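Under the working numbering, the letters of the sequence shown match residues 486 to 798, in that order. In this text, a Cβ means the ideal position worked out from N, Cα and C, and glycines have one as well. Just so we're clear, the structure is a prediction, and the values are computed from it rather than from any experiment. This report refers to the structure that appears directly beneath it.
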Amino acid sequence: MDKDKTVAVVMGGPSAEEQISLSTGHAMASALRGKGYNVKEIRLVPHNFSEQVKESGADVVVIAVHGLYGEDGRLQSALEMMGIPYTGSGVLASSVSMNKLAAKRVFLGSNIPTPDYIFLHRRDRGKQDMIKAITDKFSLPVVVKPVSQGSSLGVTIEKEISGLQKALDEAFQYDEEVLVEEYIAGQETSVCMMRLKDGSVKVWPVILIHPHAEWYDFNAKYSAGGVDHLVPAPLPEDITRTLKDISVKAFEVLGCAGVARTDCMIDKDGKCYVLEMNTVPGMTPTSLVPDAARAEGTDFGDLCEMILETAHL
């Protein structure tokens, strides 16, 4: 990309993931400046976004907003209306990927293995049969999560019936829609990938995640020393191949672009599951995509430049 062009990195916003987004945005902006680009940083104010972009003089936008606005298709839609190229997935792929219920329906319709689930709405909250519906379908533990949230915010792995209502209340703080999933005991992995300019999908080495706490929660993800990323993952070749295959298939059927990351599980029998797709994955010092790229010799600055070069309308 022509380095005379102005690159705006959009970050922050009124999301529960604001601080993570700021870390991602500042890191990417710094790396791109180090590569010689003219970079402007925009701290998202949704109602004033179009004016912010115009004032920045942006020729291209790097979307570093996690969660609300950045991963649900809203910023993408606004930029398309302004005719400004941006990084990452488009409007539809972003909105479907962000909504875990919609994404699951796509996975199931495409024969991509994903944990079984039930869907609950806030209007069902407090109904006595809500807990019964969960325990009738699943043995504990179960995973309770907001439908449209990231960074494991609002997610609980609940082992006891007595704790289910609290877990639901926690999830409903973040969203009016909640998924309760079967818990897959096993190894958690991530597969990071990018659609290149020629249309092919570049897949980096699989990462095996070893949290130091019992669960891979928000603190484990973003606290220094909270987790070990083993990359390339020390897994059998057939399992590694399956993880990559189902992740690329998820990427393709959702229509993703730019860089993205699947979160996957391997159960005790070696079966692999896709949990979800992240279309604006973290780019902080503890994030997975930089670790995966680094394992193949791509440093952070080069990675950010690769992401910038995928910008599209």
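- Residue state for V581 is assigned as helix, using DSSP reduced to three classes.
- Counted as a single uninterrupted DSSP element, the beta strand (DSSP E) harbouring Q672 occupies residues G671 to R680.
- Of the candidates D614, T674 and K682, D614 places its Cα closest to the Cα of L649.
- Between M679 and M791, the C-beta gap is smaller than 8 angstroms, which places the two residues in contact.
- In this structure, V547 lies away from Q537, with their beta-carbon atoms at least 8 angstroms apart.
- Where C757 is concerned, the enclosing beta strand (DSSP E) starts and stops at C757 to N763.
- Restricting attention to alpha helix (DSSP H) runs no shorter than 4 residues, the stretch 539–608 encloses them at 559–567, 576–583 and 585–594, ordered along the chain.
- Nearest C-alpha to E643 among S633, T620 and Y659: T620.
- CA-CA distance, G510 to K617, rounds to 43 angstroms.
- The three-state secondary structure of A735, taken from DSSP, is helix.
- When C-beta atoms of the stretch 659–666 are compared with those of the stretch 680–698, fewer than three pairs fall below 8 angstroms, so the two segments do not count as touching.
- Taking 8 angstroms as the cut-off, the beta carbon of V494 is found no closer than this to the beta carbon of N523.
- For D713, the uninterrupted beta strand (DSSP E) run begins and ends at V712 to L715, by DSSP.
- Per DSSP, the unbroken alpha helix (DSSP H) holding P775 starts and ends at L773 to R779.
- Relative to the Cα of N584, the nearest Cα in the group G573, L553 and R607 belongs to L553.
- G519 and C789 have their C-alpha atoms spaced approximately 10 angstroms apart.
- In this structure, L625 keeps its C-beta atom at 8 angstroms or more from the C-beta atom of I597.
- At the C-beta level, N763 and R779 stay beyond 8 angstroms of one another.
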